[in-house]
Structures are given as C-alpha cells and as structure tokens.
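A.B. asks:
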Amino acid sequence: MDVSQLRAECEQRLALLNLPHRFGTQQLREAVAALRGKPIVFRQLPPEAGSTAPCGIRVETPTADFLFVERGTSAAHQMHILAHEISHILCDHPGSLALGDNLVESFGFNPTLVQRMSGRTAYTTADEREAELMATLIRRRAYRERLLPAPRPAGADERWDAIFA
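Counted the way our numbering counts, the sequence shown spans residues -14 to 150.
#1: What separation, rounded to the nearest whole angstrom, lies between the Cα atoms of L52 and A0?
#2: Terminal residues of the continuous alpha helix (DSSP H) containing E45?
#3: Identify whether R7 lies in helix, strand or coil by the three-state DSSP scheme.
#4: I need the DSSP call for L52, collapsed to helix, strand or coil.
#5: Under 8 Å Cβ to Cβ from R124, same chain only, skipping five residues before and after it: list those, please.
#6: May I have the straight-line CA-CA distance separating V44 from G22, to the nearest angstrom?
#7: Excluding five sequence neighbours on each side, which residues of the same chain lie with their C-beta closer than 6 Å to the C-beta of A147?
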C-alpha cells in the first residue's frame, strides 16, 4: 500500500471518532474507548521493564486496554507514544510483543488474561508504520486545531451572530 492510500485510510478511521474541534488526549481516549466498548487505561512502564523495553506497550484484556509509556521521557514524547499505542487499537493490530510471564505479572496482569500485546522499538513492520502515521495525524490535528479558531463556536449561534451584527 502506498503512503497516500495509507494516509487516506488513517484519516477515515479518525473521522469515525467524531472528535470535537479542539481535543486533547483525554477526549481521544474517551472516543476510542466508546468505539471499542471498553476503557483505555494509561500507566507508566514499571521499573521492572528495564531499559531494553519498548517506550510504549499496549496490553489488551477482555475488560480494558492498557497503554504503558516510558517514565523517563518528556511529556510531549509520552503524548506521542500514547497516540501511537491508541493507533494500534484503532487499526485493530493483532500485537506481536512476547514478554515472559514474570514481566507480564510485574505489570499487574494475569498472563492468561492478556489477549494481545504490542510494543515498538523500531518501525520495521507494516503495523508499526501505520500506527506511526496515524499517531502523527492525531498529533498534527490536535495541535493544528488548538491554534485555529473554530469556524463557528459550537452551540453558540446567537453569540456568534451578535458579535457580527
């Protein structure tokens, strides 16, 4: 699949979320959770994950999706990691990360309940490239829309008309 086709598919997925004009990570999380029918929980990677662990990990269980981010990175990088991991959820990627049962337990999970796991250390697979493109589009849209005023304030028709009367 070429990049323009991949981008178009990612844009279609984002449109399904019906995000407001100015959205943040919380609104993104709520929209995806509503689409999936289960909550998305953000957590920091436990120290037991070590320095060789991916900077972001998604753990899917029957009752929730858990997204783990690296502790020792900037807030902006953590937001991008979360957007990337949310993108895996939106794209319904199967997950390919294999961790030992002891490490999974250190994250607070019973290994038998984990349905899928994904984590990224490189962009070598089609799923990782797709998630990275989707994350970039999410972040660009959130950033751009925070800078641009709404074309018409939501639910404020009378006030808008009064300003220009």
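Glycine included, each C-beta is placed from N, C-alpha and C at the ideal position.
Note that the coordinates shown come from a computational prediction; the quantities given were computed from them, not determined experimentally.
C.D. replies: With the given structure in hand:
#1: So the two alpha carbons sit approximately 22 Å from each other.
#2: Unbroken run through E45 is the beta strand (DSSP E), G41 to E45; no alpha helix (DSSP H).
#3: Residue state, collapsed to three classes: coil.
#4: DSSP places L52 in the strand class (E or B) of the three-state scheme.
#5: Hits under 8 Å: M64, H65 and A68.
#6: Here the C-alpha atom of V44 lies approximately 16 Å from the C-alpha atom of G22.
#7: Any reading at A147 needs caution, since the residue's pLDDT is 48, under 50, leaving its predicted position unreliable; the model's value is listed next. Excluding residues within five positions, none has a Cβ falling inside 6 Å.
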